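Notes for the one structure printed next.
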Amino acid sequence: MNGQGGVMLDTNPDEGYTTADGRKIGGVAMEMRNITLRFGGVVAIKDISFDIRWGEIRAIIGPNGAGKSSMLNVISGFYHPQEGEVIYKGYRRPRMRPYQVAQQGIARTFQNIALFEGMSVLDNIMTGRLHHMKANMFQQAIWWGRAAREEAENREQVEKIIDFLEIQHIRKTPVSRLPYGLKKRVELARALAAEPSILLLDEPMAGMNVEEKEDMCRFILDVNDEFGTTTVLIEHDMGVVMDLSDRVVVMDYGKKIGDGTPDEVRNNQEVINAYLGVAHD
Amino acid sequence: MTTTASPKAAPDELCSVPALLARNATRYARQMAYREKEFGIWQSWTWAETNDQVRAMALGFVALGMKQGDYVAIIGRNRPALYWSMVAAQSVGAIPVPLYQDAVAEEMAYVLDHCGARFVVCGDQEQVDKVIEVQETVHCIDEILYLDKRGMRKYDHSHMNWLEDVMREGRAAQTRLEPELNKRIAALGWDSTCVMLYTSGTTGKPKGVVLSNRNIIITSKNSSEFDNLRPGDEILAYLPMAWVGDFIFAIGQAYWTGFCVNCPESAQTMMTDLREIGPTYYFAPPRIFETMLTTVMIRMEDASPIKRRLFHHFMEFARDTGPKLLDGKPVGALDRLKYALGHALVYGPLKDTLGLRRIRVAYTAGEAIGPEIFDFYRALGINLKQLYGQTEASVFITQQPDGEVRSDTVGVPSPGVEVRIAENGEVFYRSPGTFESYYKNAESTASTKDAEGWVATGDAGFFEEATGHLRIIDRAKDVGKMADGGMFAPKYVENKLKFFPNILETVVFGNGRDRCVAFVNIDLSAVGSWAERNNIAYSSYQELAGLKPVLDTIQAHVEQVNESVAQDKMLSGCQVHRFLVLHKELDADDGEMTRTRKVRRRIVEEKYADLIDALYADKDSIYTETEVTYEDGRKGKLKATLEIRDARVFGTVAQQVAAE
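Going line by line, the protein sequences match chains A and B.
Counting from 2, one number per residue, gives the positions in the first sequence under the working numbering.
Counting from 27, one number per residue, gives the positions in the second sequence under the working numbering.
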């Protein structure tokens with residue numbers, strides 16, 4: 002269960018575990034091995050190891066400044082750690098250029114919404130399909146054959162996501178006119194449009210009211226249920242995390258202080274200390 | 027029993043909805059039967075395809091063990107597959123019972139238990155969850171079927187089926203089960219039950235109204251002919267499937283006539299979808315026409331001065347000319363020319379925006395519609411008419427023929443319907459559409475329908491001598507007496523108040539008292555937009571409802587109504603002396619309204635007894651706590667201090683208290 006410090010590469014997809022509600026969790030999708038990330042003299046992440054399995058909802062929690070967002074950037078490949086290695090789909094991941102980062106099948110949403118405000122919801126979500134379009138600029142310009150066909154295919158995928166997230170009524174609405182909760186949902190839609198193998202959610206419920214949170218939870222669960230998308234999320238709201246995730250990593254001051262099922266984590270003394278506040282040396 | 031003579035009206039083989047479907051599948055094979063917007067595109071099915079889908083579903087139902095006489099509950103928003111499930115259930119000899127999709131679990135439990143539904147067809151996970159909750163107390167349900175697969179993977183499927191799978195199984199078993207299905211369809215006759223609909227019940231528990239094939243098909247035939255409905259007509263099916271009107275329009279008339287039923291993408295996209303479809307035949311309760319008009323007016327306030335002036339000028343002109351043109355009355359050449367110009371500049375574009383450009387026939391019913399609102403649409407050249415009906419009559423009792431349309435009558439008796447007025451003013455009718463009985467409630471059946479088939483509507487009304495049109499005053503049981511013996515007709519006053527866009531709902535009290543008082547609900551969109559334009563900040567409905575300028579406006583409205591009520595000698599005692607603006611909207615979830623949004627007077631009276639007492643005592647304000655139910659069934663408390671206002675009353679009233 003606790004994939005801490007695994008040495009052997011786990012490539013057998015049948016290996017895994019079954020959750021309490023009967024979902025099959027597969028083998029290891031990504032493994033972090035002794036990751037250390039520094040910004041100059043600041044150590045953001047200190048020697049952290051854990052794994053993410055196919056099909057699970059994995060949460061990373063921790064107090065402010067614990068290094069959660071840095072960790073998410075390491076997972077996405079945007080940051081390359083100074084020490085340690087990331088094993089993704091069975092291969093050690095090299096340092097990558099931004100476009101390579103984008104092509105590896107990991108999609109994310111942002112803590113501060115990063116949508117194109119002036120564009121419609123539909124167009125925003127279509128941008129998530131960019132990597133599924135092969136037509137070149139010339140073909141796009143004359144709009145015949147491949148480009149038109151591709152557009153139709155991609156639009157179909159996007160429409161399925163619109164239907165899934167119940168945002169039909171704002172399809173043609175410019176994003177800037179939407180309330181916050183809906184923008185978050187559009188961001189999720191855009192991430193899903195990329196058909197990612199791993200979906201990263203950076204504080205998906207931040208700043209939402211109770212109803213919006215409930216909706217979001219439902220969508221995250223439904224996405225996982227319907228598409229089997231492996232989901233990694235960072236969240237402050239402990240209640241949400243505990244209800245939602247299969248396994249939880251707890252970070253504090255750049256270190257991992259707990260890892261396991263929500264129940265295990267809840268009873269972990271170090272986690273309790275970190276959250277209730279105990280004097281640090 | 028109904029006294030209908032033998033159904034010569036329609037050939038005998040067309041005595042059930044499945045039989046009509048079979049006819050349409052050959053006669054209108056390639057014409058559109060259903061459209062639904064999904065994935066951003068209008069998906070469509072011809073009559074032949076519809077027949078194929080319905081038969082597959084029916085075979086699947088047989089394979090699942092659905093028996094003749096079983097009750098099948100259908101819960102969900104308007105979607106083609108759910109309409110098909112009703113016809114499929116009829117095909118196997120079962121009885122469809124559509125339910126209100128926004129009903130909370132306990133309301134659903136009563137109906138499911140009462141009809142003993144063995145099968146429940148749900149639109150999506152939300153409805154399935156409610157049914158599962160209901161199953162703790164209701165044990166008759168054998169199989170749950172669902173249409174939308176989303177989120178359903180983890181459920182225990184031992185007694186649960188995806189509708190698509192059911193159809194697949196039906197197709198696979200076609201050779202084996204087809205003879206059985208054909209036999210069952212052939213067994214359907216005029217007296218077989220077509221559908222059972224639960225009346226929302228302004229009082230007490232809902233009653234199951236049993237409607238036979240004769241009721242539905244003859245009524246559909248008569249009413250389709252009355253308005254010359256034809257294949258190629260389009261309707262938008264967006265009203266609750268549990269409501270008799272939806273059943274008559276989207277199944278009865280659609281199958282009789284062979285026109286196309288369009289289902290919107292979701293409840294929120296209704297207006298956009300309406301515009302895209304441009305229906306030719308349209309039904310909406312007054313509230314929807316009101317909302318549309320309010321939106322238009324709000325948007326005109328924001329328009330540039332030139333546009334605004336143009337709009338007001340031409341609307342003023344059309345108010346007189348538009349209805350005349352519609353009714354085919356003589357109109358001068360100059361006026362015709364000006365109307366044509368107005369059509370090019372204002373009426374046409376406006377109708378286009380509203381999605382009403384292609385309308386040939388539009389109806390409104392259920393509540394009185396404000397003359398202003400009614401005239402607005404008639405002025406635009408939209409043939410908006412009124413009808414009067416109820417579930418027990420398969421909708422139609424009276425309706426307005428083309429050319430005889432007025433906002434204060436409900437028309438002449440529909441074809442085949444006899445209407446008489448009892449001595450106490452109550453309206454009675456007898457028609458081919460008259461319901462068979464209330465399910466498992468012989469007592470109510472007997473008290474509503476007499477041996478000769480006359481049904482009491484419970485409404486008080488009279489026929490206008492000059493025109494032969496029926497006018498409805500109020501619910502017969504709501505009409506009461508004031509302490510001084512004057513007539514008390516609350517609806518009459520309430521309707522006048524509700525004609526103001528700022529007032530969404532109101533309840534007037536005063537039966538047996540010396541004067542009338544009222545509760546008022548403001549209309550959040552109208553008042554909210556006014557607040558926005560005037561830079562008035564508010565954080566909630568409650569706060570907005572309590573603002574002084576809002577109260578001033580409402581008071582002005584109340585006084586205006588009092589003035590107009592005072593004109594009527596019989597009803598002048600019904601003027602509102604004191605009123606308050608409620609801190610919450612009356613809501614069906616709290617039981618204050620029916621699902622069709624009619625106020626449950628008695629429940630409101632009990633629930634807010636403290637407020638009524640305060641209105642009759644001479645207090646200036648009252649503190650109150652109210653329990654509210656949220657959409658998910660949880661309960662909470664609202665606390666508020668409400669200001670009570672006195673309104674000016676006008677002459678002719680024998681009132682010693684001038685409330686000031």
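Glycine included, each C-beta is placed from N, C-alpha and C at the ideal position.
The model shown is predicted, which means the values in this text are computed figures rather than measured ones.
- In the three-state scheme derived from DSSP, where H, G and I count as helix and E and B as strand, B:Phe514 is classed as strand.
- B:Met178 sits in coil when the DSSP states are folded into three classes, being neither helix nor strand.
- DSSP places A:Met31 inside the beta strand (DSSP E), whose first and last residues are 29-40.
- Shown in chain order are the members of the stretch 287-314 of chain B whose Cβ falls below 8 angstroms from a Cβ of chain A: Glu291, Ser292, Gln294, Thr295, Thr298.
- At least 7 angstroms separates the CB of A:Glu188 from every CB of chain B.
- For B:Arg179, the nearest beta carbon of chain A is closer than 7 angstroms to its own beta carbon.
- Remark: C-beta atoms of B:Ile423 and B:Gly429 do not approach each other more closely than 7 angstroms.
- In the three-state reduction of the DSSP assignment, B:Glu133 falls in the helix class.
- For B:Arg197, no chain A residue has a Cβ inside 9 angstroms of its Cβ, as the nearest lies near 25 angstroms away.
- Around B:Arg176, the beta-carbon contacts reaching into chain A at under 8 angstroms are Phe165, Asp223, Glu227.
- In the DSSP assignment, A:Gln158 falls within the unbroken alpha helix (DSSP H) covering 147-165.
- B:Leu171 is positioned such that its CB atom lies no closer than 7 angstroms to that of B:Val88.
- Per DSSP, B:Gln127 lies in no alpha helix (DSSP H) segment and is marked neither H nor E.
- Residue contact check for A:Asp22 against chain B: a CB pair falls below 7 angstroms.
- Here A:Ile168 carries a coil assignment [DSSP, helix/strand/coil].
- Looking at the backbone, the Cα of B:Asp434 and that of B:Met58 are separated by about 37 angstroms.
- Burial is judged here by how many other beta carbons sit within 10 angstroms of a residue's own beta carbon; A:Leu166 has at least 16 and is buried.
- When rounded, the separation of the alpha-carbon atoms in B:Leu40 and B:Leu351 is 39 angstroms.
- Within the stretch 139-160 of chain A, those residues whose Cβ lies closer than 7 angstroms to any Cβ of chain B are, in chain order, Glu157, Glu160.
- For A:Arg59, the uninterrupted beta strand (DSSP E) segment begins and ends at 58-62.
- Looking at the DSSP output, B:Thr219 shares a beta bridge with B:Ser238.
- Among the residues of chain B, those whose CB is under 7 angstroms from the CB of A:Gln169 are Glu291, Ser292, Thr295, following chain order.
- Within a 10 Å sphere around the beta-carbon of B:His185 sit fewer than 16 other beta-carbons, which makes this residue exposed.
- Under DSSP, no beta-bridge partner is assigned to B:Asp434.
- Excluding five sequence positions before and after B:Ala552, the CB atoms of its chain that fall closer than 6 angstroms to its own CB belong to Thr320, Pro527, Asn528, given in chain order.
- Scanning its chain for C-beta atoms nearer than 7 angstroms, with the 5 sequence neighbours on each side dropped, one finds around A:Gly259 the residues Val251, Val266, Asn269, Glu271, Val272, in chain order.
- Interface annotation for the stretch 465-496 of chain B against chain A: empty, criterion Cβ-Cβ distance under 9 angstroms.
- Per DSSP, A:Met243 is one residue of the alpha helix (DSSP H) stretching across 239-245.
- Closest option to B:Thr667, judged by alpha-carbon separation, among B:Asp646, B:Lys661, B:Tyr365, B:Glu657: B:Asp646.
- The alpha-carbon of A:Phe40 is positioned some 25 angstroms away from that of A:Leu200.
- When the beta-carbon positions are compared, B:Pro305 and B:Asp299 stay at least 7 angstroms from each other.
- Counting only runs of at least 4 residues, the stretch 197-269 of chain A fully encloses the following alpha helix (DSSP H) elements, listed from N- to C-terminal order: 211-228, 239-245, 263-267.
- For A:Phe139, no beta strand (DSSP E) run applies; the uninterrupted alpha helix (DSSP H) run containing it begins and ends at 138-143, by DSSP.
- For A:Ser50, the enclosing beta strand (DSSP E) has its first and last residue at 43-54.
- B:Gly149 is outside the set of residues whose beta carbon lies under 7 angstroms from a beta carbon in chain A.
- If you keep only unbroken beta strand (DSSP E) runs of at least 3 residues inside the stretch 79-131 of chain A, you get 84-89, 107-110.
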